[in-house]
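Here's the structure, in structure tokens; my notes come after.
2 protein chains.
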Amino acid sequence: MRPERDASFDADPVSSRESDPPSLHEVMRRDIVSGELPAGSRLKTQELAQRYGVSINPVREALHQLSGEGFVLLSRNRGARVRPLDEHFVRNIFDIRVLIESYLVRFAIEHATEADLRQMREIQRRIDDLVGDQVELDRLDEEFHGVTYGRHFNGEALAIRQRHGQVVHALAMRYPASPARRVTQNAEHWAIVEALEKHDEAAAVRVVEQHARGAERHLLERLRQGSTTPKSF
Amino acid sequence: MRPERDASFDADPVSSRESDPPSLHEVMRRDIVSGELPAGSRLKTQELAQRYGVSINPVREALHQLSGEGFVLLSRNRGARVRPLDEHFVRNIFDIRVLIESYLVRFAIEHATEADLRQMREIQRRIDDLVGDQVELDRLDEEFHGVTYGRHFNGEALAIRQRHGQVVHALAMRYPASPARRVTQNAEHWAIVEALEKHDEAAAVRVVEQHARGAERHLLERLRQGSTTPKSF
DNA sequence: TTCACACGGATTACACATAATCAAGTCATC
DNA sequence: GATGACTTGATTATGTGTAATCCGTGTGAA
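The listed protein sequences correspond, in order, to chains A and B. Residues in the first sequence are numbered from 1 upward in steps of one, following the working numbering. Residues in the second sequence are numbered from 234 upward in steps of one, following the working numbering.
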């Protein structure tokens, strides 16, 4: 096993600093992820400037930042669009997600503390009790996996996972998990906790993979059903 | 096996369009990758504006774009720096590279055409014959792997690989491969071709992994040796 | 050491000029 | 009359320049 490394570095912090007012591109990313700026929609600089109460310059900078992050597509002299989220894209990022998460969880097997496990159980209990409220569910789900993977040294991998996770959340907001899916999700979460407790690497990898593939399958089904609503361009 | 998908989509095209003049952020990325803007160095907007013969606005936009791509670090009211490339970072991206490349090569096993293999052999012959000229070596190496992975449907994965590859090239420019490393590299390239010919998935994955880890080890050694030169700040 | 202050540079706003794109309409040709 | 090429005008992106403000850092005095 490779020696542990300092984990202070993060390639893509979601928020630059805790107490600072969030920068414009963070606000816009939130609005994209939450679906307020729908996937595929046109982003005009003047409209955005008005909407967010700033001048055009910061808007242009935010758009470029988001373009670099992959949330926005820029084309020369034709402005910006929110990146369309299609089936193809979903498959792609879940393929990557499976790779990254099974990589991340292998580290958790060895490094998750007793406190981490307690926290995961606590969070999962709250998820179990939750009814409705997709927003809160997503927040708790992210928190659960945040504890699972948070100790990992590889900030790059975490950044990729988080970025893709945000896109997935944007979709999940539109297509909430069905009750059946919720039950499966919860069972898988408990299975992850159990695998970590037992230091069972094979089981952990298997469950994590299954968890991701399940989410993928569910999203794809919903995407196909409601294929009229989320118009891509 | 999952059905094939349309591969027309690319999350992060290096150049927006072929015939267009490259945008500023592309030029700046090239200069970062080539080492002209050294890792860790301060990027002042006014200096850059003068250097590239444009006003401050486009420079700021380019910086934001590069920040989103991970090549530049921005901090509020303190300007921009080229992202420092340290040992920790190199380890991280190679961990990811191993994941991505073994994923990509599995597809190549099934989908590489006879023409692809011919092309790979041709490129590798040119690499074998090449002496010195790190720039040309890097170009050919990228071309080799471009053919290997190019048919893959997962544009996201290709984008991640390419982005990381550019960073690695920035380092390789500073720390060229030793003759011994070159010999190993070439042997590994031929082994990849052979594995693809034989449709031997296990072998292909093994070689690709070994290839990446070898490059990582070599870079890390060089980084430690010349640890005075690449000053982070 | 600590505080006040000045300076450099980033950030924002605004006004303006240019250029590209798109849509609608005109015109010529078949 | 229908089709396709061209013109035109509105819209919007893109680039420049300037000014005002904010923030971080270093300097120097108490």
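Positions of the beta carbon are idealized from the N, C-alpha and C atoms, including for glycine.
When the alpha-carbon of residue 220 of chain A is set against those of A:194, A:207, A:175, A:195, the nearest one is in A:175.
Per DSSP, residue 368 of chain B lies in no beta strand (DSSP E); the unbroken alpha helix (DSSP H) holding it starts and ends at 367-382.
DSSP places residue 311 of chain B outside both helix and strand once states are collapsed to three, so it counts as coil.
With a cutoff of 8 angstroms on beta-carbon distance, residue 340 of chain B and residue 385 of chain B are scored as near each other.
Annotation for residue 267 of chain B: no alpha helix (DSSP H) segment contains it, and DSSP assigns it neither H nor E. In the displayed model, residue 293 of chain B falls within a helix according to three-state DSSP. Along the stretch 329-343 of chain B, the positions whose C-beta sits under 8 angstroms from a C-beta of chain A are 329, 332, 333, 336, read in chain order. The beta-carbon of residue 156 of chain A is placed less than 8 angstroms from the nearest beta-carbon of chain B.
Taking a contact to require three or more Cβ pairs closer than 8 angstroms, the stretch 97-106 of chain A and the stretch 199-214 of chain A qualify as touching. Here residue 266 of chain B really is in contact with residue 402 of chain B; their C-beta atoms are around 6 angstroms apart, less than 8 angstroms. Between residue 404 of chain B and residue 318 of chain B, the C-beta spacing is below 8 angstroms. Along the stretch 39-68 of chain A, going in chain order, the ones with a CB nearer than 8 angstroms to a CB of chain B are 57, 60, 61, 62, 64, 65, 66, 67, 68.
Judged by DSSP in its simplified three-state form, residue 130 of chain A adopts coil rather than helix or strand. By a beta-carbon distance limit of 8 angstroms, residue 305 of chain B does not contact residue 272 of chain B. Their separation comes to about 11 angstroms.
For residue 299 of chain B, same chain residues with a beta-carbon under 7 angstroms away, outside a window of 5 residues either side, are 258, 261, 262, 305 in chain order.
Close partners of residue 326 of chain B in chain A (Cβ separation under 7 angstroms): 156. With its beta carbon less than 8 angstroms from one in chain A, residue 393 of chain B belongs to the interface. Secondary structure note for residue 318 of chain B: it is in no alpha helix (DSSP H), with a DSSP letter that is neither H nor E. In this chain, the alpha helix (DSSP H) harbouring residue 193 of chain A covers 179-197.
Among the bridge pairs identified by DSSP, residue 118 of chain A is matched with none.
For residue 112 of chain A, no alpha helix (DSSP H) segment is defined, and its DSSP state is neither H nor E. The three-state secondary structure of residue 208 of chain A, taken from DSSP, is helix. Residue 285 of chain B: member of the alpha helix (DSSP H) spanning 278-285, first to last residue. Taking C-alpha positions only, residue 447 of chain B is separated from residue 419 of chain B by approximately 12 angstroms. Between residue 35 of chain A and the set A:173, A:177, A:140, A:136, the nearest pair of CA atoms involves A:173.
For residue 105 of chain A, the closest C-alpha among the options A:135, A:218, A:192, A:76 is that of A:192.
In terms of Cβ geometry, residue 325 of chain B and residue 95 of chain A do not form a close pair [threshold 8 angstroms].
Just so you know, the alpha carbons of residue 303 of chain B and residue 223 of chain A end up roughly 31 angstroms apart. Burial state of residue 129 of chain A is exposed, judged by a 10 Å Cβ sphere holding fewer than 16 other Cβ atoms. Per DSSP, the continuous alpha helix (DSSP H) segment holding residue 402 of chain B begins and ends at 388-407.
By the 16-neighbour rule on beta-carbons within 10 angstroms, residue 289 of chain B is exposed.
Around the beta-carbon of residue 80 of chain A, 16 or more other beta-carbon atoms lie within 10 Å, marking it buried.
Its chain contains 398, 402 as the residues whose beta carbon lies nearer than 8 angstroms to that of residue 375 of chain B, once the 5 sequence neighbours on both sides are disregarded; these appear in chain order. Beta bridge pairing from DSSP links residue 72 of chain A with A:82.
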